[in-house]
Amino acid sequence: MNKEQRQAFQEVMEKYDERVERNLTRFPERRSVFYTASKAEVNRLYTPLDVEELDVIEDIGVPGSYPFTRGVQPNMYRGRLWTMRMYAGFATAEESNKRYKFLLDQGQSGLSVAFDLPTQIGYDSDHVLAEGEVGKVGVAIDSLKDMETLFDGIPLDKVSTSMTINAPASILLAMYIAVGEKQGVPKAKLRGTIQNDILKEYIARGTYIFPTDPSMRLITDIFAYCSKEVPSWNTISISGYHIREAGSTAAQEVGFTLADGIAYVEAALEAGLEIDSFAPRLSFFFNAHNDLLEEVAKFRAARRLWARIMKERFGAKDPKSMMMKFHTQTGGSTLTAQQTENNIVRVAIQTLAAVLGGTQSLHTNSKDEALALPTEESVQTALRTQQIVAYESGVTNTVDPLAGSYYIEAKTKEIEDEAMDYIQRIDDMGGAPRAIDAGFIQREIMDAAYRYQVDIEKGDNIVVGVNKYHVDEPSPKGLLRVDLSVGESQKAKLKALREERDNEAVDAALEKLRVVCQGDENVMPAIIEAVKTYATLGEIADVMRDVFGEYQQSVII
Amino acid sequence: MERPIRVLVAKPGLDGHDRGAKVIARALRDAGMEVIYTGLRQTPEQIVAAAVQEDVEVVAVSILSGAHATLLPRIKSLLKEEGADDMLFVAGGVIPDEDIVFLKENGVAAVFTPGTPTTEAVSFIKENVKK
Amino acid sequence: MADNVKVWQDRRKIAQMITTVENALPGHEEILQDIYKKTGQAYIIGITGPPGAGKSSLTDALSRVYIDMGKRVGVIAIDPTSPFSGGSILGDRIRMNELSTHPQMFIRSMGTRGQLGGLSAATHSAVMVLDACGADILFIETVGVGQSEVEIVKLADTVLMVMVPGLGDDIQTMKAGIMEIGDVFAINKSDLPGADRTKIELEAMLSFLPPKEWRPPVRMVSATEKEGLKELVEAIDEHRTFQEKNKRLEERRKRNVQEALLAILRDKMVARVTSDDRYKRLLEEMVKKEIDPYEAARQLMQK
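These protein sequence lines map, in sequence, to chains A, B and C.
Position 212, counted from 1, in the first sequence is what the working numbering calls 198; the numbers after and before it change by one each time, with no gaps.
Position 125, counted from 1, in the second sequence is what the working numbering calls 299; the numbers after and before it change by one each time, with no gaps.
Position 249, counted from 1, in the third sequence is what the working numbering calls 1694; the numbers after and before it change by one each time, with no gaps.
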């Protein structure tokens, strides 16, 4: 706007404001202040005046170019749709294998493996803490044997596999490499992602094993190994998803996730890696919540901020290093146990948010997940939701269709600024690991979570079917039940394995691993050797626990 | 000054999602209770040992991993062994209705599923605690 | 009752006795009368220091050392109560979960509940129960921020002050009164950068205190890395031996007993006086300025 236009517009706005104010005395608005789901104040109207400071090239630009506000590819979904990836994994490797084959038949384009909690924390199924947990929230993997079963009949050079595994990511990746080898697939042809984001485990998700420093070393060892040996593998998925699930705001989700990302980059640089050698393989994982427009702005803000950090702070040269690619999952904590059909609608809105925000892949939650693991039927509806958005809604026909909206652009900037502010505060504390040790991040999230809960109970936040439009309903039927015998069968398999494998080879491989852990050699080759002898996940993790120690949880409530 | 109700808030099992446990801990504190928080990855033995030593009136556990059918009855039977089954035992988490029936038969006084207002848990405790 | 209190293994019983004496419930006097003669066996260690110093982790680590020596260990962990709701979140057990089930260990959390004098009386009563029930070592752990916490720590035979590197200027500004109560100093998280500097600063600080026969030693320790624990326990033992030799322990305990007696007296007198019919009337008269507080007190003290 030039000067005269601006003045004319300001006059128009003044009149508008007057008129609204006059009306308010007779017809007050539904509430005195309007907020987003993250409790950020929302104006009545957004206008060109709210986006004046934005530069159309520097800040917004075009898709596929720095700062990637509008997306990482030039033509986005006109070329290829996002990967529809459903997180799944049940009980035993056999059952999960069946589910994967079903999903591949249904048109899903990538696998996503959920592991049970003992696996995620590096315990074998016969460990005392595994009692009642085996096969509950995902598949139980005790050794390479289980991994071979899991991918039986699935050629690893034809699929991309995402594994939600963090503390023992090195061990599961080693098993995947070993399965590929048995199938005759070279390492270089393996495609997929390991989550491998330990910092958010300390912050929000809780499946940590080792203390901060050795955990960071394991991560950089994986970066270094994969950049040479498994070049198509995404070595980390820096996750805001769980931070949001723990109750953070949208801006905190961006700020804390990017602060974690910065910590990984710094650790890798310190380990002697060159920025453009590993940065293109960093990927992110975000949450899609109900507040559609705030979420779209969040994704755009995250992309822009990361691009700027990579270029300006770390001096990346390769545009691929500056591109934030991310996976999205719809927000599990938004699902209600009441009137579960309503969840289908929530997931549809969240799907739109992720797609309008330019996600690279998406998992949609199933309607019954506030009650139990999803049934096959509800998983199908969730996948169909993505397909309807992809093929029927029309939002995929043009790139970043919400760009230029005064609200979206103003909100994008606001979230970027707030996230940057958090990053600066965390930098001042010495980076994310120290801010976590001090409990700063956990406390900020907990305060937001509690505020949100209090607002729901006061009726300031409405959750349909919960604190408004509640009905009495019969309990839902036909939920998926996990067979309790899984634990027993895994135990039996372990016992047989320990009898039939070459235990001398196992001991030798574990001893070798111990020496490597004590020194500073890359741990990956020794872990791969150990899994090939059929040393179990728990045995390998125990060696590492012994050398590295265990993380002490924070006392932030 | 009236003696505050003492509540143990614990997370049995391995799941690390402690948002619910922490939110309820804060809500109970704000309702004037004394909350002993023991954090993640607690075995039934540890939970019961803590409940006994702390001499709480209420044992509240949060569990989302699906291991409730195994772990909660175990906690109840250990409480009995310690002569502490007069403690009010409540649970929260992702627990299907069919299981709630089973858990109630096995000594869990109330189960709070996602979406339950914290005020409901607070008043349940206030009304049912044995002083 | 008297026979039961000896039984360290009866967790439920001990815990219920603590509840009774802590809250001055009916029967608390009988319990305390009953156990009083059996107290004095345990050695009491107060642990305090600024928030975030890792006091709970250190208490846990030290407890393990004593357990390995075959000792029975009791811990009383005190956290502040919210002045707004009267509720509190007591989270110190998080650091001691593994020891929860150990037969030689007993851990109890307490809220300060805003009852200034009452807190040290309540803590002292809880200490007496654990002492009489067979504890060899008793830790009283509390955040060293306020005066009431300092009072509680005075119940101890040895006060261990826990510091961390990086407090920097905080050490300079810490109230001298708080520094003075430390008998042994530990710099926890000694693996963090700046630990050596903190030690030097702390020793310099301590050298400015008025000279005493016992010069508080400063030990480097890492609770999480399990380093320096033996040396810290040795320092505590040295302090114990020093006090035992010089009858200091006796004097100290006499002082503590006196504190306890005074606390009970205060509680009882306040209770008696405030339940007196004249109490309200005199208050009213004070509001109306018909009488001054000294005169009111004098009248109330008259039988």
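Don't be surprised by glycine CBs; every beta carbon is placed ideally from N, CA and C.
Quick caveat: nothing in here was measured; it's all calculated off a predicted structure.
Under 8 Å by beta carbon: chain A residues contacting B:Thr287: Near B:Thr287 (Cβ distances below 8 Å), the residues of chain A are Ala323, Ala356 and Leu357.
Look up C:Leu1561 in the DSSP assignment and say whether it is helix, strand or coil. Interpretation of C:Leu1561 is limited by its pLDDT of 47, a score under 50 that renders its predicted location unreliable; no figure is taken from the coordinates.
Residue environment, A:Thr55, which counts as buried when at least 16 other CB atoms sit within 10 Å: buried
Span separating the alpha-carbon of B:Pro218 from that of A:Ile195: 20 Å
3 or more residues per run - each beta strand (DSSP E) lying fully within the region 1612 to 1675 of chain C: 1629 to 1632 and 1663 to 1665
Supposed close pair B:Val209, B:Val183 - CB separation, criterion 8 Å: 6 Å
Which class does A:Ala237 belong to by DSSP, given the choice of helix, strand or coil? Residue state, collapsed to three classes: helix.
Check whether the Cβ atoms of C:Met1606 and C:Gly1494 lie closer than 8 Å to each other. yes
Taking only three categories from DSSP, how would you classify C:Gln1397? Within the shown structure, residues of chain C are numbered from 1446 to 1748, placing residue 1397 of chain C beyond reach of any answer.
CB contact below 8 Å: A:Ile543 versus chain B: yes
Got a sec: is the Cβ-Cβ distance from A:Ala274 to anything in chain B below 8 Å? no
Using a C-beta to C-beta distance shorter than 7 Å, which residues of chain C count as neighbours of A:Gln539? Ile1539
Closer than 6 Å by C-beta to A:Val517: which residues in its own chain qualify, once you throw out the five before and the five after it? Chain order, please. Leu130, Ala160, Met161 and Ala164
Can you list the residues of chain B that C:Ile1552 reaches, using a CB-CB cut of under 7 Å? Per Cβ cutoff of 7 Å: Gln227.
Look at C:Asn1468 and C:Leu1600 and say whether their C-beta atoms are less than 8 Å apart. Taking C-beta atoms as the reference points, C:Asn1468 and C:Leu1600 fail to come closer than 8 Å.
Considering only their Cβ atoms, is the gap separating B:Ala265 from B:Val282 smaller than 8 Å? Yes, they are a contact pair.
Beta carbon proximity, C:Gly1579 to chain B, threshold 8 Å: No, C:Gly1579 does not count as interfacial toward chain B.
Which residue wins for smallest C-alpha separation from A:Ser307, given the options A:Glu27, A:Arg420 and A:Ser51? Residue A:Ser51 is the option with its Cα nearest to A:Ser307.
Could you give the DSSP three-state label for A:Pro172: helix, strand or coil? coil
C:Ile1463 to C:Ser1530 span [Cα, whole Å]: 23 Å
Taking CB distances under 8 Å as the criterion, tell me whether B:Leu214 reaches chain A. yes
Can you tell which of A:Asp277, A:Arg8, A:Asp433 and A:Asp246 has its C-alpha closest to the C-alpha of A:Val28? A:Asp277
Let me know the beta strand (DSSP E) ranges lying completely inside the region 173 to 230 of chain A, each 3 residues or longer, listed in chain order. Counting only runs of 3 or more, we get 177 to 180 and 222 to 225.
Tell me A:Ser347's beta-bridge partners as DSSP assigns them. A:Thr69 and A:His313
C:Arg1456: first and last residue of the uninterrupted alpha helix (DSSP H) it sits in: Arg1456 to Glu1467
For A:Arg64, the three-state DSSP class (helix, strand or coil): helix
Three CB pairs or more closer than 8 Å across the region 281 to 291 of chain A and the region 415 to 429 of chain A: no
Buried or exposed, going by whether 16 or more other CB atoms sit within 10 Å of the CB of A:Met62? buried
If I'm right that A:Glu443 touches B:Pro291 with Cβ under 8 Å, what's the distance once you round it to whole angstroms? 5 Å
Given C:Arg1517, which residues of its chain have a CB within under 7 Å of its CB, disregarding the five upstream and five downstream residues? Within the same chain, C:Arg1517 has close Cβ partners Trp1453, Gln1549, Gly1579, Ala1580 and Asp1581.
Start-end ranges of the alpha helix (DSSP H) lying completely within the region 205 to 231 of chain B, minimum 4 residues: 218 to 228
Please classify A:Asp138: does DSSP put it in a helix, a strand, or coil? Here A:Asp138 sits in coil by DSSP.
Beta-carbon contacts of B:Val226 that lie in its chain and below 7 Å, excluding the five residues immediately before and after: Around B:Val226: Glu256 and Ala258.
Could you tell me which residues DSSP pairs with A:Met133 in its beta bridges? Paired residue(s): none; A:Met133 is not in a bridge.
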